[in-house]
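Q:
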Amino acid sequence: MAVVYQFIDRLQLVYTRLIGTVDANALARHFKELSQDERYVSPMKKLVDCRLCDDYQVSTAEEQKLASLKEVFADKFINERCAIVAPSNLLYGSNRAFQEQSFDSAIETMVFKNINDAIAWLQIDINGIDLD
Numbered sequence: 002m003a004v005v006y007q008f009i010d011r012l013q014l015v016y017t018r019l020i021g022t023v024d025a026n027a028l029a030r031h032f033k034e035l036s037q038d039e040r041y042v043s044p045m046k047k048l049v050d051c052r053l054c055d056d057y058q059v060s061t062a063e064e065q066k067l068a069s070l071k072e073v074f075a076d077k078f079i080n081e082r083c084a085i086v087a088p089s090n091l092l093y094g095s096n097r098a099f100q101e102q103s104f105d106s107a108i109e110t111m112v113f114k115n116i117n118d119a120i121a122w123l124q125i126d127i128n129g130i131d132l133d
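Everything in the sequence shown is counted per the working numbering, starting at 2 for the first residue and increasing by one.
1. By DSSP's criteria, C54 is part of a beta bridge. Which residues make up the other side?
2. Rounding to the nearest angstrom, what Cα-Cα distance links Q65 and V15 in this structure?
3. Looking at L123 and D50, is the spacing between their C-beta atoms short of 9 Å?
4. If contacts are defined as beta-carbon pairs under 8 Å, then I108 and A84 qualify, I think. What distance do you get, rounded to the angstrom?
5. Give me, in chain order, the residues of the same chain whose beta-carbon lies closer than 7 Å to that of A29; leave out the 5 immediate sequence neighbours on both sides.
6. Return the bridge partner residues of Q7 from the DSSP annotation.
7. With 16 other CB atoms within 10 Å as the buried threshold, where does K47 fall?
8. For A27, collect the residues of the same chain with a Cβ closer than 7 Å to its Cβ; drop the 5 residues on either side in sequence, then sort them by chain order.
9. Per DSSP, what kind of secondary structure is K114 in: helix, strand or coil?
10. Is I125 closer than 9 Å to V86 when the C-beta atoms are compared?
11. In whole angstroms, what is the alpha-carbon distance linking H31 and V59?
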């Protein structure tokens, strides 16, 4: 697998899951695909769930490139919030580096160890929605 997403319309949310092995190319494809998806109506909140990611193959240099690539789509994603759930230390550290590189971005990005903190930061109510 790699990167899959779904729209949760009533929350204006894109729920993205990283599954199995994920590399920089898969993330770059995801940014491009999402920016071109006709169902995407800005502004939307993003919840990126890395709980099922077994093997994150993105180097620090690739993180920097991904942060720059995200800026290419900033006009589409402007004034949005992206919460990344990264429970493992490796994923958390890598995504914190991505967050820091995205600091001046039009897309506010935060990394969390658990999904409840991410949901609270996004200010969404997921009652009745299965995110597992």
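Even glycine gets a Cβ: it sits at the ideal position worked out from N, Cα and C.
A: Short version:
1. DSSP, once it has assigned bridges, lists G21 as partnering C54.
2. Distance between the alpha carbons of Q65 and V15 is about 23 Å.
3. Going by C-beta atoms, D50 is not nearer than 9 Å to L123.
4. About 11 Å separates the two Cβ atoms, so there is no contact after all.
5. These residues qualify, in order along the chain: L67, L70.
6. The partner list for Q7 (beta bridge, DSSP) reads Y16.
7. The residue in question, K47, is buried, as its Cβ has 16 or more Cβ neighbours within 10 Å.
8. Excluding sequence positions up to five before and after A27, its CB lies within less than 7 Å of the CB of A3, V4, all in the same chain and listed in chain order.
9. Note: K114 maps to coil in three-state DSSP.
10. Cβ atoms of V86 and I125: not closer than 9 Å.
11. Looking at the two C-alpha atoms, the distance is approximately 14 Å.
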